[in-house]
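**Q** Numbering-wise (numbering that gives the first Met the number 0), the sequence shown opens with residue 0 and increments by one.
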Amino acid sequence: MGEKMAEEDRFPNTTHEGFNVTLHTTLVVTTKLVLPTPAKPILPVQTGEQAQQEEQSSGMTIFFSLLVLAICIILVHLLIRYRLHFLPESVAVVSLGILMGAVIKIIEFKKLANWKEEEMFRPNMFFLLLLPPIIFESGYSLHKGNFFQNIGSITLFAVFGTAISAFVVGGGIYFLGQGFFFCVYVFVCFILQADVISKLNMTDSFAFGSLISAVDPVATIAIFNALHVDPVLNMLVFGESILNDAVSIVLTNTAEGLTRKNMSDVSGWQTFLQALGYFLKMFFGSAALGTLTGLISALVLKHIDLRKTPSLEFGMMIIFAYLPYGLAEGISLSGIMAILFSGIVMSHYTHHNLSPVTQILMQQTLRTVAFLCETCVFAFLGLSIFSFPHKFEISFVIWCIVLVLFARAVNIFPLSYLLNFFRDHKITPKMMFIMWFSGLRGAIPYALSLHLDLEPMEKRQLIGTTTIIIVLFTILLLGGSTMPLIRLMDIEDAKARRRNKKDVNLSKTEKMGNTIESEHLSELTEEEYEAHYIRRQDLKGFVWLDAKYLNPFFTRRLTQEDLHHGRIQMKTLTNKWYEEVRQGPSGSEDDEQELL
0 MGEKMAEEDR
10 FPNTTHEGFN
20 VTLHTTLVVT
30 TKLVLPTPAK
40 PILPVQTGEQ
50 AQQEEQSSGM
60 TIFFSLLVLA
70 ICIILVHLLI
80 RYRLHFLPES
90 VAVVSLGILM
100 GAVIKIIEFK
110 KLANWKEEEM
120 FRPNMFFLLL
130 LPPIIFESGY
140 SLHKGNFFQN
150 IGSITLFAVF
160 GTAISAFVVG
170 GGIYFLGQGF
180 FFCVYVFVCF
190 ILQADVISKL
200 NMTDSFAFGS
210 LISAVDPVAT
220 IAIFNALHVD
230 PVLNMLVFGE
240 SILNDAVSIV
250 LTNTAEGLTR
260 KNMSDVSGWQ
270 TFLQALGYFL
280 KMFFGSAALG
290 TLTGLISALV
300 LKHIDLRKTP
310 SLEFGMMIIF
320 AYLPYGLAEG
330 ISLSGIMAIL
340 FSGIVMSHYT
350 HHNLSPVTQI
360 LMQQTLRTVA
370 FLCETCVFAF
380 LGLSIFSFPH
390 KFEISFVIWC
400 IVLVLFARAV
410 NIFPLSYLLN
420 FFRDHKITPK
430 MMFIMWFSGL
440 RGAIPYALSL
450 HLDLEPMEKR
460 QLIGTTTIII
470 VLFTILLLGG
480 STMPLIRLMD
490 IEDAKARRRN
500 KKDVNLSKTE
510 KMGNTIESEH
520 LSELTEEEYE
530 AHYIRRQDLK
540 GFVWLDAKYL
550 NPFFTRRLTQ
560 EDLHHGRIQM
570 KTLTNKWYEE
580 VRQGPSGSED
590 DEQELL
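1) For residue 408 and residue 421, what's the separation of their Cα atoms in angstroms?
2) In terms of alpha-carbon separation, which member of 555, 94, 136 lies closest to residue 351?
3) So is residue 82 buried or exposed if we call it buried at 16+ other beta carbons inside 10 Å?
4) I believe residue 294 touches residue 348 by the beta-carbon criterion, under 8 Å. Please report the beta-carbon distance rounded to the nearest angstrom.
5) Would residue 597 and residue 155 be called neighbours here (beta carbons separated by less than 8 Å)?
6) Use the C-beta contact count for residue 50: other C-beta atoms within 10 angstroms, 16 or more gives buried, fewer gives exposed.
7) Would you check if the distance between the CB atom of residue 316 and the CB atom of residue 361 is smaller than 8 Å?
8) Evaluate residue 578 with the Cβ neighbour count: other Cβ atoms within 10 Å of its Cβ, from every protein chain shown; 16 or more gives buried, anything less gives exposed.
9) Taking the C-alpha atoms as reference points, what is the distance between residue 207 and residue 287?
10) Could you tell me if residue 416 is buried or exposed, where buried requires 16 or more neighbouring beta carbons within 10 angstroms of its beta carbon?
11) Grab me the residues of residue 373's own chain with a C-beta within less than 7 Å of its C-beta, minus the 5 sequence neighbours each way, in chain order.
12) Could you name the residues of the same chain whose beta carbon sits closer than 7 Å to that of residue 256, not counting the 5 residues immediately before and after it, in chain order?
13) Among 389, 467, 367, 391, whose alpha-carbon lies nearest the alpha-carbon of residue 135?
14) In the DSSP assignment, the alpha helix (DSSP H) including residue 550 goes from what residue to what residue?
15) In angstroms, rounded to a whole number, what distance separates the CA positions of residue 69 and residue 477?
16) With a threshold of 6 Å on Cβ separation, who are the neighbours of residue 441 within its own chain once the five nearest residues in sequence on each side are excluded?
17) Are three or more beta carbon pairs between the segment 386-393 and the segment 152-171 nearer than 8 Å?
18) Between residue 466 and residue 448, is the Cβ-Cβ spacing less than 8 Å?
19) For residue 376, report the span of its alpha helix (DSSP H) as first-last.
20) Closer than 8 Å by C-beta to residue 99: which residues in its own chain qualify, once you throw out the five before and the five after it? Chain order, please.
21) Taking the alpha helix (DSSP H) that residue 104 falls in, what are its first and last residues?
22) How would you call residue 456, buried or exposed, if buried means at least 16 neighbouring beta carbons within 10 angstroms?
23) Between the alpha carbons of residue 356 and residue 143, how many angstroms are there, rounded?
24) How big is the Cα-Cα spacing for residue 412 and residue 74?
25) Could you check the C-alpha separation between residue 93 and residue 159 for me, to the nearest Å?
26) What do you get for residue 237, buried or exposed, if any count of 16 or more other CB atoms within 10 angstroms of its CB means buried?
27) Is the beta carbon of residue 250 sitting closer than 8 Å to the one on residue 165?
28) Looking at residue 388: is its Cβ nearer than 8 Å to the Cβ of residue 460?
29) Here's the rule I'm using: 16 or more other beta-carbon atoms within 10 Å means buried, otherwise exposed. How should residue 548 be labelled?
30) DSSP state of residue 214, grouped into three classes?
31) Below 8 Å on the Cβ atoms is my contact criterion, and I expect residue 433 with residue 485 to pass it. Report the Cβ-Cβ distance as a whole number of Å.
32) Provide the residue span of the alpha helix (DSSP H) that contains residue 410, from first to last.
33) Mapping DSSP to helix, strand and coil, what is residue 578?
34) Could you check what DSSP says for residue 440 in three-state terms: helix, strand or coil?
35) Got a sec? Which residues, its chain only, sit under 6 Å from residue 369 by beta carbon, not counting five neighbours each side?
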C-alpha cells in the first residue's frame, strides 16, 4: 500500500492518473523494454553574417587549392620542357609543397596573412574526393593481361604480405612501448628490459602498423617504365601497390572498429576471430559489390545504345564509376575496395560497349582527374609539415623506420621463395631486393594517420608526425636512389640500357599524354572476335571461360554498320576540330581563302 502511495505522489493528479501509474510501473518492472531512439536534431542553418563568413572561408580554401594545383602543373610542364626526366614528378611536387609551406609559415610569422585553415589537409576531402578517382583510374587503366597472369602472386603479396607487415610493425611498436625489444644475434634471441618508445595499446599499434603498410611506389614505377625492367617485376610491384592500398585501408578500419568496441571482457583469441571476420566481410563484400556494379554497368550500356550521344554515354560512365564507392560506404563496407574492382570490371567489359569517341574521352578524362588528385595529395603532403603542430620523438621515428624496413623484408623474401615453387617465371634474388627496396609510402598512410581517432591528442600528433617523416624518407631517399640501384644491379634490359644512357624519361604525365592504350580501343566484329579468341586452342582456365561465355554475354559485338558509323563519327569530329583550328579565334574559312 505504501509503495502505491509513493507512486501516486510521483505523478500529479490528472485525468490520466491511472494510465500514468500503470505505464510507470511497467517501465520499472519490465527492464527489457526498448524505447525508440530519439530523432537526431536538425542542425541549424547558417544565415546572415555567419553564412557569409563560411562562404568566404570555403572560397579561400578552393582558391588556395587551385592555386597550388596550378603551380604544380607549371612545375611538371617545366620538368617536361627542359627534359629534367631524372627527377620523378612526385618528388618534385612534394619538394614544392615543402617550399610553399615554409613560405606560408614565414608569412604567418610576419603576421601578413593567416592561411592556416586553407592549407590544412582534411581527411574527409581525401577519402571522398581525391582518393576514389586515383583508385578507379588505376584499376581502369590496368594492363589486365600481365595482371591476371600474375594474379596469384600479386594477391599473395597484397593481402598476406600486407597483413604480415601490419602485424610485424604493430607488434613491434606494442612490445617496444611495453618496455621490451628483441635483439637477434647469431640465432640467439634475448629479451631486454628498456623504456624504448611511447606506449601504445594493442589496437592503436595495429592501426598504425596497418596504415603504414600501404605502399605507393609512384617514383619506382616511373623508373621501371623508363628503364624497361623485367615486365614481371614491373607488374608485381604495380599490382601489389593497387591491391595493397585497399587492403591497408580495410585493415586500418578493422583496427578502428575494435577500438570503438569494448574489448575488455573478450579474450585475445576471440578478438583475433572478430578482426578476421570483419576483414573478410569488408574485403570480399566490397570486392563483390564493386564487381557486381561493374557487370550491371556493362549490361546497361550493352542493351541501352547511347553511342550516338557521347555526352549521355560519358555521363552514365561517370555515374557508374562513383556509384559503388557511395553504396559501399553507405552500408559500412570499403568504398576503396569496391571502386577498385569496379574499375577493373568496367575496363574489361563496359568499356567495349562504348563508342570510340567515349572510349578515348573516358581514358583521357580519368587520367587527367587522377593526375590532378595525385598532384594535390603530394603537394598537401609537403605542406603538411608546417600545417599542424607536431610531436617529434626521435626514438619512436627511428624504431618505426627500422620496423617498416624489416617488415617489408619479412613480407617479400619468404613469400617470393614460396611462390617460386609454383611459378614458371622465377622471382630472382635481384628482383626480390628491388621489390623490397620499392616499398615507398605515399599519401594514403598520411591521410589515414589524420583520420585515426586517438586520445589523447599528443598520441595523434605523434602518429601523424612519424607517418609524415616515414613517407618523406621513403619518397625522397629510397625513391631517389632507385635508379642508381637498378643500374648497379644490372636489372634493366640490355637494349634499353644502351638507349637510356643519353636520356631517361621519368615523366608519367608525358608518357600517358603521348599514348592511347590499344587495348582500350576495341572494334572487333563478331567474326573477328571468334577468330581471335574463341577458336584459339591455347586458352585455359578463367581466360577460356571469359572468352567463351562472359565476354560475349556482357559486351556488344559490333556489326560492319556499327564500325562504319563509329569511324564516320571520329572523322567528323576530327574534321570539325581541324576547321576550327584553321579558322582561328576570329574570322572564317572564307576570310582565309580571300587572304590566300
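Quick reminder that beta carbons are idealized off the backbone N, C-alpha and C, glycines included.
**A** In brief:
1) Cα to Cα, residue 408 sits roughly 21 Å from residue 421.
2) Nearest C-alpha to residue 351 among 555, 94, 136: 555.
3) Burial call: exposed.
4) About 7 Å separates the two Cβ atoms, so the contact holds.
5) One cannot answer for residue 597 here, as it falls past the ends of the chain, which runs 0 to 595.
6) By the neighbour-count rule (16 or more Cβ atoms within 10 Å), residue 50 is not buried but exposed.
7) Taking a C-beta distance under 8 Å as the contact criterion, residue 316 and residue 361 qualify as a contact pair.
8) Burial state of residue 578 is exposed, judged by a 10 Å Cβ sphere holding fewer than 16 other Cβ atoms.
9) Roughly 27 Å separates the two Cα atoms.
10) Flag for residue 416 reads exposed.
11) Listed in chain order, the non-local C-beta contacts of residue 373 below 7 Å within the same chain comprise 133, local neighbours out to five positions each way being set aside.
12) Cβ within range, chain order: 277.
13) Checked all of 389, 467, 367, 391; the closest Cα to residue 135 is 367.
14) Judged by DSSP secondary structure, residue 550 falls within the alpha helix (DSSP H) whose first and last residues are 550-553.
15) Those two C-alpha atoms are separated by around 28 Å.
16) Only 215 meet the Cβ criterion.
17) In the pairwise beta carbon analysis, the segment 386-393 is classified as not touching the segment 152-171: fewer than three pairs are separated by under 8 Å.
18) Inclusion of residue 466 and residue 448 in the CB contact set at 8 Å is warranted, their separation being smaller than that value.
19) 355-382 is the span of the alpha helix (DSSP H), which, as asked, contains residue 376.
20) Excluding positions up to five away in sequence, the list reads 67, 70, 378, 381, 382.
21) Residues 88-108.
22) It counts as exposed.
23) Taking the Cα positions, residue 356 is about 22 Å away from residue 143.
24) Between the alpha carbons of residue 412 and residue 74 lies a distance of about 38 Å.
25) Rounded to whole angstroms, residue 93 to residue 159 spans 30 Å at the Cα level.
26) With 16 or more other Cβ atoms within 10 Å, it is buried.
27) Going by C-beta atoms, residue 250 is nearer than 8 Å to residue 165.
28) The criterion of a C-beta distance shorter than 8 Å is satisfied by residue 388 and residue 460.
29) Exposed: under 16 other Cβ atoms inside 10 Å.
30) Look at residue 214 here: in three-state DSSP terms it is strand.
31) Cβ-Cβ separation between residue 433 and residue 485: approximately 7 Å, consistent with a contact (criterion under 8 Å).
32) Segment 393-418, the alpha helix (DSSP H) holding residue 410.
33) Correct three-state label for residue 578: helix.
34) Note: residue 440 maps to strand in three-state DSSP.
35) Excluding positions up to five away in sequence, the list reads 132, 133, 136.
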